[in-house]
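Residues 239 to 435 in this note's numbering are what the sequence shown spells out, letter by letter.
Heads up, the beta-carbon is just placed ideally off N, CA and C, and yes, glycines get one too.
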Amino acid sequence: GLLPHFATEVSFGRRTYNARSETVHKLPSFRQPWAAGQRCIIPAEAIYESCHESGRAVRWRIWQDGEVPLGIAGLYRRWRSPQGGELLTFAMLTINADAHPLMRRMNKAGDEKRMVVILDPEDYLPWLQCGSLEAPRYFRPWNGSLLAEPAPLVRAPKVAAEPPARDEILPPKAIKPMPPPAQPPSPPPPPTQGDLF
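Have a look at this one:
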């Protein structure tokens, strides 16, 4: 997520992946980049949200028809760590999605429905160039075609802390000694006919 000037470690970004469009101009984490016009467009092949319609959280993949990348409205900021390193950090802007036909199905019942701000391609340049007073006009639900399907995470099998010993893989009886290497062929015998000269 976006790291504000007062962040002392990268892990602070876990709290700033998303910036609510309604409060981005006044929250300490976002107000400086917002006022400075540090807007960006975050390309994404898909976004992932959890759907709870089945009674449990199921991760869903949401993408644009035709696999065209989405352009998500964002804010960016260069952050300098206490050790002197520099990172380019960003946050995705979100809006209420109660009225969106797909996104209102995501997240837990009773929670506010939110979605990222997806920009129309013709709005990319105006979003980057407009002033902070004009920028909120882009905070609207996207009307483009979105497709969605369950995409649960596949858990990797647990790996043993240490690899098993060879005799744990094959019992000793099953281990066959390797055959000795084949001997190279002997040179052909000399011809039996005598020398003419």
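Measuring straight from C-alpha to C-alpha, what distance separates residue i and residue j?
i	j	result
L384	T246	38 Å
R253	G239	7 Å
M330	R297	19 Å
G244	S370	The sequence as given places Phe at residue 244; Gly does not occur at that position. Straight-line Cα distance between these residues: approximately 22 Å.
K351	G322	39 Å
E372	A295	37 Å
E324	V248	11 Å
E360	L313	19 Å
H263	P374	10 Å
S292	L391	16 Å
P395	G304	33 Å
C368	D358	15 Å
E260	R342	18 Å
S267	S319	16 Å
Leaving out the 5 sequence neighbours to the left and right, which residues in its chain are closer than 6 Å to residue i when beta-carbon positions are compared?
i	result
W380	I356
R404	Reliability of the predicted coordinates at R404 is poor, the pLDDT of 48 falling under 50, and no value is obtained from them.
E287	W298 and M344
Here's a check: name, in chain order, each residue in its chain whose Cβ is nearer than 7 Å to the Cβ of residue i, leaving out the five neighbours to either side.
i	result
Y362	I279 and G309
A284	R299, I300 and W301
I407	Only weak support is given to the placement of I407: the predicted model assigns it a pLDDT of 42, under 50, and the question is left unresolved by the model.
F250	L241
N256	A329, M330 and T332
R269	H263
Anyone know if the C-beta pair for residue i and residue j falls short of 7 Å?
i	j	result
T327	R258	no
L340	A389	no
Between residue i and residue j, which are expected to be in contact by the criterion C-beta below 8 Å, what is the C-beta distance as a whole number of angstroms?
i	j	result
Y376	A311	6 Å
L241	W317	4 Å
Among residues of its own chain, excluding the 5 on either side of residue i, which ones have a beta-carbon nearer than 8 Å to its beta-carbon?
i	result
L366	R277, C278 and I279
A412	Confidence is the limiting factor: at A412 the pLDDT is only 41, short of 50, which leaves the residue's position unreliable, though a coordinate-based value still follows. Counting only Cβ-Cβ distances below 8 Å, and skipping sequence neighbours, we find nothing.
A337	P379
M416	Reliability fails at M416, whose pLDDT of 43 lies under 50, so the model's placement of it is uncertain and no value is given.
Would you say residue i lies against chain B (beta-carbon separation less than 7 Å)?
i	result
A337	The structure shown contains no chain B; it holds only a single protein chain.
(request) Decide if the segment 346–360 is in contact with the segment 265–275; the criterion is three or more beta carbon pairs, one per stretch, under 8 Å apart. (result) no
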